[in-house]
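First up is the structure itself, then whatever we jot down about it.
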Amino acid sequence: MASKRDQLQAHVFLVQRVISALVHRETDPEQPVFRRPSNAAIGSIAVAVLALAAVWVYGLVVPGGNKAWRDGDSVIVEKETGTRFVYLAGRLHPVHNYTSALLALGKHAETRSVSSNSLAGVPRGPRIGIPDAPDALPARGKLLTGGWTQCSQPAPDRTGSTVDESVLMVGSEPAGGTELADEALLVEVPDTGDQYLVWHGYRHRIRQPDTVSVGHALKSEPRARVGLAFVDVLPAGQPIAPITVPEVGEPSTAVAGQDIRAGQLLVAETSGGVQHYLAKTDGLLRISEFQYDIQRAFAPTAAAYGGGEATGIRLGLLAAAQAKVEPSAEPAAGDAPPRRPAFAPSGRGAVCATYASGSPVPKLRVDPAMPGADPMTTTPQRTDGGMPLADRVTVPPGRAALVEVMPSAQSPAGTLAIVTDMGRLHVLKNAEVARTLGYDAAVPVRMPAALVARVPQGSPLEPEAALRR
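Sequential numbering of the sequence shown, starting at 1, is according to the UniProt record's numbering.
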């Protein structure tokens with residue numbers, strides 16, 4: 001009787017005959033069916049092993065075969081150490097940072113990782129570059145295009161006392177709070193004692209001697225504390241002060257047939273509303289309702305009334321039409337309010353001014369939600385020349401702002417600069433440098449020079465400086 005082994009061998013033999021019949025149309029071929037494919041596979045493996053061995057031997061004999069980096073169009077990074085090089089005039093020069101490498105090459109180049117073996121034996125040059133230039137630059141799509149916000153907020157100092165901290169937020173603005181439209185804000189700078197009326201984005205200075213008369217017109221509105229860096233950035237408007245009239249109390253010829261004295265106030269009701277005047281010896285000066293209230297509280301005005309109360313003298317329509325009135329200036333941006341403005345409620349929170357690109361006049365917001373304090377965003381507070389800086393400059397990590405610094409609102413063009421996420425500003429020599437950094441198609445945000453000056457300044461970015469040792 002056949003064993004199980006005999007039965008298995010018989011089954012295998014039968015299967016081989018069936019396969020041979022299907023493949024070769026013979027049930028008993030002289031050679032096995034899969035002998036040739038097996039030989040081909042073994043041969044291919046042998047050839048591959050020989051090829052790999054040849055490459056390995058070549059690598060031992062000729063190390064560092066990669067020479068594509070010698071084209072001078074790459075920022076070279078050594079794989080093992082991360083050291084940056086540029087290849088210039090047949091030499092490898094270590095560079096201080098990525099920006100210096102681009103400026104030294106004079107073009108926006110890709111970064112190429114190269115092994116130390118490939119760099120072995122290449123002549124070295126001295127280290128070059130700008131030591132404090134940015135070591136990382138975001139892509140063009142990561143540039144910040146939003147407005148810049150300057151804020152003043154109360155903060156504790158090292159002794160626990162409350163001081164006014166200025167925060168410059170590049171490319172962003174805080175959320176929440178109350179945006180000022182027609183409302184005004186009365187602010188005081190503790191460092192100088194100066195007071196300002198902030199209205200429609202302009203600061204209107206109130207001199208110390210005039211605080212009583214102006215305060216009477218403002219009806220003793222509470223003042224918000226702000227830092228000097230915040231106020232200095234706001235565009236200057238018309239100062240708010242009483243008008244000093246020469247020869248107060250002397251007769252005036254402004255209105256024929258009426259006993260008018262220089263320094264007195266007159267009121268005429270017309271179809272266009274109530275018109276206010278200030279009398280001079282030779283004519284009337286048209287003033288606003290707000291200025292009228294200031295003049296009433298101005299101490300020298302009482303002299304025009306013989307020491308009595310300053311009240312408006314009623315002037316009829318005919319007399320007003322025949323009076324000698326000095327020409328009035330056309331209304332302009334930055335004028336003082338024509339009447340006492342409504343005031344925004346201000347607590348002890350922050351006061352912020354946000355500048356949109358190209359606009360010299362900011363929009364104001366009080367009591368917004370401020371970001372948490374990061375000690376890495378602090379600045380030296382003043383430049384070497386004594387100019388005040390923002391106490392903190394915040395830029396989102398991995399972002400930067402390409403900015404055109406505008407010396408005035410009327411200037412057609414300004415100076416290009418970049419502000420990095422390290423809170424430092426670097427002036428670009430020209431637009432070609434922006435192209436070298438990869439920002440050829442980027443549109444810079446346009447900001448007032450007074451605002452940009454609050455950012456600590458680093459070294460200018462110039463190709464010539466990048467080539468220096």
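Where a beta carbon is used, it is the ideal one built from N, C-alpha and C, also for glycine. Here the structure is a predicted model, which means the values were calculated and not measured.
Return helix, strand or coil for phenylalanine 85, following the three-state DSSP convention. strand
6 Å Cβ shell around methionine 169 - same chain, five flanking residues per side excluded: Closer than 6 Å at the Cβ level, and outside the excluded window around methionine 169, lie Thr149 and Thr394.
CB-CB length for tryptophan 78 against serine 116, believed under 8 Å: Note that residue 78 is glutamate in the sequence shown, not tryptophan. Contact holds; Cβ gap of about 6 Å.
Are there 16 or more other CB atoms within 10 angstroms of the CB of leucine 140, so buried, or fewer, so exposed? Note that residue 140 is arginine in the sequence shown here, rather than leucine. That one is exposed.
Between which two residues does the alpha helix (DSSP H) holding valine 452 run? 449 to 452
Which full runs of the alpha helix (DSSP H) of 4+ residues lie inside the region 365 to 441, going along the chain? You should have 431 to 436.
Could you give the DSSP three-state label for aspartate 293: helix, strand or coil? helix
Indicate whether proline 123 and glycine 147 have their beta-carbon atoms separated by less than 8 Å. no
In the DSSP assignment, what are the bridge partners of glutamate 269? Val274
My assumption, with CB atoms under 8 Å, is that valine 231 sits in contact with valine 189. Please give the rounded CB distance. 6 Å
Roughly how many angstroms separate the alpha carbons of alanine 101 and glutamate 110, rounded to a whole number? 11 Å
For lysine 219, does the three-state DSSP call read helix, strand or coil? It is coil, neither helix nor strand.
Does any CB atom of chain C fall closer than 8 Å to the CB of alanine 236? Of the protein chains in the structure, only one exists, and it is not chain C.
Can you list the alpha helix (DSSP H) stretches of 4 or more residues lying completely in the region 312 to 373, in chain order? Fully enclosed alpha helix (DSSP H) runs of 4 or longer: 317 to 322.
Going straight from the alpha carbon of aspartate 71 to that of arginine 112, what length do you get? Each residue's alpha carbon lies about 11 Å from the other.
What residue does the alpha helix (DSSP H) around alanine 465 start on, and which one ends it? Its alpha helix (DSSP H) spans residues 463 to 466.
Does the region 286 to 305 come close enough to the region 324 to 341 that 3 or more CB-CB pairs lie under 8 Å? yes
CB of valine 75 to nearest heavy atom of the ligand ATP: below 7 Å? Looking at this structure, you won't find the ligand ATP or any other ligand, since it has none at all.
Buried versus exposed call for valine 443 [16 or more other C-beta atoms within 10 Å across all chains shown]: exposed
Is leucine 265 buried or exposed, if buried means 16 or more other CB atoms sit within 10 Å of its CB? That one is buried.
Could you give the distance in angstroms between the alpha-carbon of threonine 420 and the alpha-carbon of histidine 426? 8 Å
One question on the structure: do alanine 434 and glycine 176 come within less than 8 Å of each other, judged by their Cβ atoms? No, Cβ-Cβ distance for alanine 434 and glycine 176 is not below 8 Å.
Since alanine 254 and lysine 324 are thought to touch, with beta carbons under 8 Å apart, how far apart are those beta carbons, to the nearest angstrom? 5 Å
Per the contact definition of three or more C-beta pairs closer than 8 Å, is the region 179 to 196 in contact with the region 221 to 230? These segments touch.
For threonine 99, tell me which candidate among Tyr439, Ala449, Leu451 and Val445 has the shortest Cα-Cα distance. Tyr439
Could you tell me the alpha carbon to alpha carbon distance between proline 251 and leucine 318, rounded to whole angstroms? Cα-Cα distance, rounded: 21 Å.
Between histidine 108 and serine 118, what straight-line distance do the alpha-carbon atoms span, to the nearest angstrom? 23 Å
Quick one: what does DSSP say lysine 280 is sitting in, helix, strand or coil? strand
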